[in-house]
Amino acid sequence: MLCMRHTPPIIQFGKILGSIMKMKHYPTVVFLSKQMELKAIVPNLVTLNILINCFCHLGQINLTFSVLSKILKLGYQPNTITLTTFACNIFSEMPVKGISANVVTYNTLIHGFCKEGKMKEAKNVLADLLKVKPDVITYNTLMDGCVLVCGVKNAKHVFNAMCLMEVTPDVCSYNIMINGLCKIKRGDEALNLYKEMHQKNMVPDIVTYNSLIDGLCKSCRISYVKRADVITYRSLLDVLCKNSLLDKAIGLFNKMKDHGVRPDVYIFTMLIDGIVFQDLLIKGYHLNVCTYTVIINGLCKEGLFDEA
């Protein structure tokens, strides 16, 4: 096959290498893989998984990590076979061989298990990683997986565990929790986390605001509505106006009134500012000194000197 003028599809090589591996001719698989590489035949995930398996049986643990790096470099996502091979065959042998994996390797495995919905395996890897010390990416990956597979309650346990392990949650950590809580209409808890971010001087991003806006617009819980005061709405509307998402801003403004929250002058100013400026620009009008003077005078009359 390697000598053929027209190289067969990589799938055919995968079938042959798989058959040779089942016969336990592991060195032969490694040799043929090297020949394929010399012929510039690009491996796929199947052939790379076979190679990892062979290196495991040959006790060449370092080379398994080289193959894992190649998988990621080629843009493939490790699948169940890749992950199971590592979890079952490699980690148990690493201490014996005097090899220690770093947090990046562990995070890759945890991410892969979470993506496959195998949360038990992901948590087992985390338990092993505690010897190395997991980072915020580890916990965020696990939380994200918990939200998708096990539910927000489990994600909250991971979030609390992260704090206990003295790993500081970042904006992404809060976004995962806020988004998960909003989706199950537990917006009061989401708002508490949002306020906690401000208390810790963290700057929410567009993902945070989108989650909260979506939750506010969909939630029918009275407690949620009451907790969303005029300051919360002002923050959300400010982000929407600054990102020219005026349709969403007007929708949220209407929802705010439906919930019995009275807009203040700052909110009206933000909406007028956003709508007028966008309308002028869409129609092709250029803003000149007179335009800005009128707006500044209006803001000053209302005592809004910071905005002016």
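According to the numbering used here, the residues represented by the sequence shown are 1059 to 1366, in order. Cβ atoms here follow ideal geometry from the backbone N, Cα and C, with glycine treated the same way.
With respect to the 8 Å criterion, Leu1167 and Leu1188 are not classified as neighbours on the basis of their beta carbons. Take Asp1263, set aside five residues on each side of it, and the residues of its chain with a beta-carbon closer than 8 Å to its own are Val1229 and Asn1233, in chain order. In this structure, DSSP gives Val1100 a state outside helix and strand, which the three-state scheme calls coil.
Judged by their CB atoms, Gly1209 and Ala1180 are not nearer to each other than the 8 Å cut-off. Annotation note: the segment 1167-1255 contains no uninterrupted beta strand (DSSP E) run of length 3 or greater. The distance from the Cβ of Cys1114 to that of Thr1138 is about 16 Å, inconsistent with a contact at the 8 Å cut-off. Collapsing the DSSP output to three states places Gly1117 in coil. In this chain, the alpha helix (DSSP H) harbouring Lys1306 covers Leu1304 to Asp1316. In this structure, the straight-line span from the alpha carbon of Asp1246 to that of Asp1193 is close to 28 Å. Contact annotation: Thr1065 and Ile1110 have beta-carbon atoms that are not nearer than 8 Å.
For Gly1133, the closest C-alpha among the options Ile1119, Pro1101 and Gln1118 is that of Pro1101.
Leu1096 and Leu1121 have their C-alpha atoms spaced approximately 18 Å apart.
Residue environment for Ser1124: exposed (fewer than 16 other C-beta atoms within 10 angstroms of its C-beta).
DSSP, read as helix, strand or coil, puts Gln1070 in helix. Comparing C-alpha distances from Met1177 to each of Tyr1324, Lys1191 and Tyr1197 shows the shortest one belongs to Tyr1197. In this structure, the beta-carbon distance from Met1235 to Met1201 falls below 8 Å. One thing to note: Asn1165 has its Cβ no nearer than 8 Å to the Cβ of Ile1129. Residue Leu1294 holds the alpha-carbon nearest to the alpha-carbon of Pro1321 among Lys1300, Asp1305, Leu1294 and Leu1303.
Excluding five sequence positions before and after Pro1227, the CB atoms of its chain that fall closer than 8 Å to its own CB belong to Val1194, Tyr1197, Phe1217, Met1220 and Cys1221, given in chain order. Taking C-beta separations shorter than 8 Å and ignoring five residues to either side along the sequence, the partners of Cys1299 in its chain run Ala1307, Met1328, Leu1329, Asp1331 and Gly1332, following chain order.
Contact check for Leu1090 against Leu1075 passes: the beta carbons are separated by less than 8 Å. Rounded to the nearest angstrom, the gap between the Cα atoms of Lys1092 and Ile1119 is 17 Å. Residue burial annotation: His1256 is exposed, with fewer than 16 other C-beta atoms found within 10 angstroms of its C-beta. Each residue's CA atom was taken as its position, placing Val1225 and Leu1310 some 35 Å apart.
For Arg1320, no alpha helix (DSSP H) run applies, since DSSP gives it neither H nor E. In this structure, Thr1199 sits away from Cys1240, with a CB-CB distance that is not shorter than 8 Å.
Within the same chain, and ignoring the five residues on either side of Asp1296 in sequence, the residues whose Cβ sits closer than 7 Å to its Cβ are Met1328. Straight-line spacing of the CA atoms in Met1081 and Val1087 works out to 10 Å. Take the alpha-carbon of Lys1315 and the one of Ser1231: they are about 31 Å apart.
Per DSSP, Thr1143 is one residue of the alpha helix (DSSP H) stretching across Thr1138 to Thr1143. Secondary structure of Asn1107 (DSSP, three-state): helix.
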